[in-house]
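Participant: In terms of full-length UniProt numbering, the sequence shown is residues 1 to 334. C-beta atoms are modelled at their ideal positions from N, C-alpha and C, and glycine is treated no differently. Below you will find the structure I want to go over with you.
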Amino acid sequence: MRQRQSGTAVCQSPINRSEMKFFKTAVQRNQTSVSEFILQGFSDLSWQLQLFLFVFFLVIYIIALLGNSIIVFLATTSPSLHTPMYFFLGNFSFSEICYISTTVPKMLVNFLAKDKSMSFISCAGQLYFFSVLGATDCFLLAIMAYDRYVAICRPLRYNIIMRWRLCIKLATTSWIIGLMVAFGHTLFIFRLPFCGSNVINHFFCDLPAVLKLACGNTYGSEVGVFLSGIFVAIIPCWLILFSYARILGTILRMHSVGRKQKTFSTCASHLTSVSLFFGTAISIYLRPNSSHSAESDRILSLLYCVITPFLNPFIYTLKNKEVKGALKKLVGSK
1 MRQRQSGTAV
11 CQSPINRSEM
21 KFFKTAVQRN
31 QTSVSEFILQ
41 GFSDLSWQLQ
51 LFLFVFFLVI
61 YIIALLGNSI
71 IVFLATTSPS
81 LHTPMYFFLG
91 NFSFSEICYI
101 STTVPKMLVN
111 FLAKDKSMSF
121 ISCAGQLYFF
131 SVLGATDCFL
141 LAIMAYDRYV
151 AICRPLRYNI
161 IMRWRLCIKL
171 ATTSWIIGLM
181 VAFGHTLFIF
191 RLPFCGSNVI
201 NHFFCDLPAV
211 LKLACGNTYG
221 SEVGVFLSGI
231 FVAIIPCWLI
241 LFSYARILGT
251 ILRMHSVGRK
261 QKTFSTCASH
271 LTSVSLFFGT
281 AISIYLRPNS
291 SHSAESDRIL
301 SLLYCVITPF
311 LNPFIYTLKN
321 KEVKGALKKL
331 VGSK
C-alpha cells in the first residue's frame with residue numbers, strides 16, 4: 001500500500017520539546033491520505049477461473065457494444081424508426097454503451113494484471129461517470145414508460161403530446177439530472193478522509209464499497225447518498241408503475257384478444273429492462289450500508305453493470321418488427 005504523509009500543524013503549547021516531537025510524530029502516523037486504491041475484484045479466484053472470466057466478459061462486452069451501437073445507428077439513420085419511442089431507445093442504448101464501458105475495461109485489465117491499483121482521481125472519475133449514466137438510465141426508462149402510456153392510453157393525442165421539442169427536452173433533462181446527481185454522489189463520498197485501508201473489495205469504485213473505506217463519521221454522507229438514491233430510483237420507479245397501471249387498465253378494457261397481445265408485446269421488452277435494472281440497483285443502493293456483503297454486491301453489480309447492457313439489444317430486437325425490418329433493410333442495402 002503506497003501512502004503519502006499529510007502535513008499536520010501543531011499549535012504551540014506549554015510542553016517540552018520532546019513531548020511536542022512525540023505528539024507530532026504520532027499525529028503524522030495516524031493521519032495519512034490514500035493516494036490510490038486497490039481493486040480486489042475477483043483476485044480471490046484461481047488463475048484458470050480468472051482467465052475464463054476474462055474471455056467470457058470480453059465476449060459479452062464486445063456483443064454489448066456492437067448490439068447497442070446497431071440500435072443507435074438504426075434509430076438515427078432509419079426513417080421508419082424516427083419516432084419518439086426509438087428516439088428514447090437510441091438515447092438509452094447510447095447510455096448503455098457508455099455505462100458498460102465505465103467498469104468492464106478496467107475489470108478485464110485486472111483479470112490479467114498483477115498491479116490492480118487505481119489512482120484516487122481515476123476512482124473518483126469512474127464513480128462520477130458511473131453515477132451519471134446510472135441516474136440517466138433511470139429517468140430514460142421512466143420517460144419510455146410515459147411514451148408507452150401516451151401511445152396506448154391516448155393514441156389520438158399521441159402526435160400532439162409527444163412532439164419532437166418535448167422529446168428532446170425530456171431526454172436532455174434526463175442527462176442533466178444524471179450530471180447533477182452524480183456530482184452530489186461524488187462530493188458526498190470523496191469529501192471524506194481516507195486514512196485506513198485502500199483495498200476495495202469490488203471490481204470497480206462503487207458507492208458502498210468506497211464508502212466502507214472512509215474514516216471518521218460517514219453518517220451524513222450515507223444519508224446524502226440514500227436520499228439521492230430515493231430521488232434517482234424511487235421517483236422514476238413510481239412513474240413507471242403509475243404508467244403501467246394505466247396501461248394495464250386500458251388493455252383489460254380491450255375486446256380484441258389479438259389487440260391485447262400486440263399491445264402487451266410492445267410493453268414486455270421495456271418491462272424486462274425495468275425489472276432487471278431497478279431490481280438490482282435498488283437492492284444495492286437503498287439498503288443499509290451495514291447489511292452489504294461484498295460477494296452479493298459483486299454479483300448484483302454484474303447484473304446491472306454488465307448483463308443488462310448486454311441483454312438490451314436482444315430485449316428490444318427479438319420481438320420488435322420495426323427494428324428487425326430496419327436491420328434487414330440495412331443488411332440488404334450493404
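(1) Apart from the five residues just before and just after residue 336, which ones in its own chain have a Cβ nearer than 8 Å to its Cβ?
(2) Can you give the Cα-Cα distance for tryptophan 164 and proline 84, rounded to whole angstroms?
(3) Per DSSP, glutamate 36 is paired with what?
(4) Using the beta-carbon count (16 or more within 10 Å), is histidine 255 buried or exposed?
(5) Beta carbon of threonine 103, beta carbon of phenylalanine 204: below 8 Å?
(6) Leaving aside the five residues before and after leucine 49 along the sequence, list all residues of the same chain whose C-beta is less than 6 Å from its C-beta, in chain order.
(7) Have a look at tyrosine 99 and leucine 327 and give me their C-alpha separation to the nearest angstrom.
(8) Can you give me the start and stop residues for the alpha helix (DSSP H) that serine 101 sits inside?
(9) Sorted by chain position, which residues of the same chain lie with C-beta nearer than 8 Å to alanine 281's C-beta, five sequence neighbours on each side aside?
(10) Assess, as a yes-or-no matter, whether the region 208-224 is touched by the region 181-196 under the definition of 3 or more beta carbon pairs within less than 8 Å.
(11) For the ligand ZN, is there any heavy atom lying closer than 7 Å to the beta carbon of alanine 171?
(12) So, does the CB of leucine 89 fall closer than 8 Å to a CB anywhere in chain D?
(13) Which partner residues does isoleucine 200 have in the DSSP bridge list?
(14) So, is histidine 82 buried or exposed, given that buried needs 16 or more other C-beta atoms within 10 angstroms?
(15) How many angstroms separate the CA atom of tyrosine 244 from the CA atom of serine 35?
(16) May I ask which residues mark the beginning and end of the alpha helix (DSSP H) holding alanine 245?
(17) Using only the alpha-carbon positions, how far apart do leucine 66 and isoleucine 240 sit?
(18) Among Ser301, Trp47, Thr218, which has the Cα closest to the Cα of proline 193?
Facilitator: Based on what the coordinates show:
(1) With the chain covering only 1 through 334, there is no way to say anything about residue 336.
(2) Between the alpha carbons of tryptophan 164 and proline 84 lies a distance of about 7 Å.
(3) Paired residue(s): Ser119.
(4) Classification of histidine 255: exposed, given that the 10 Å Cβ count is below 16.
(5) Closer than 8 Å, so yes.
(6) Taking C-beta separations shorter than 6 Å and ignoring five residues to either side along the sequence, leucine 49 has no partners in its chain.
(7) Spanning the alpha carbons of tyrosine 99 and leucine 327 requires a straight line of approximately 24 Å.
(8) For serine 101, the enclosing alpha helix (DSSP H) begins and ends at 84-101.
(9) Taking alanine 281 as the centre and dropping the five residues before and after it, the same chain places the C-beta of Gly134, Cys138, Ala233, Tyr304 closer than 8 Å to its C-beta, in chain order.
(10) At 8 Å Cβ cutoff, the stretches touch.
(11) The ligand ZN is absent from the structure shown, which contains no ligand whatsoever.
(12) In the displayed structure, chain D is absent; only one protein chain is listed.
(13) In the DSSP output, where bridge partners are listed per residue, isoleucine 200 has Leu39.
(14) Flag for histidine 82 reads exposed.
(15) If I take the Cα positions, the gap works out to 48 Å.
(16) Per DSSP, alanine 245 is one residue of the alpha helix (DSSP H) stretching across 235-252.
(17) C-alpha of leucine 66 to C-alpha of isoleucine 240: approximately 28 Å in a straight line.
(18) When C-alpha distances from proline 193 are compared across Ser301, Trp47, Thr218, the shortest belongs to Thr218.
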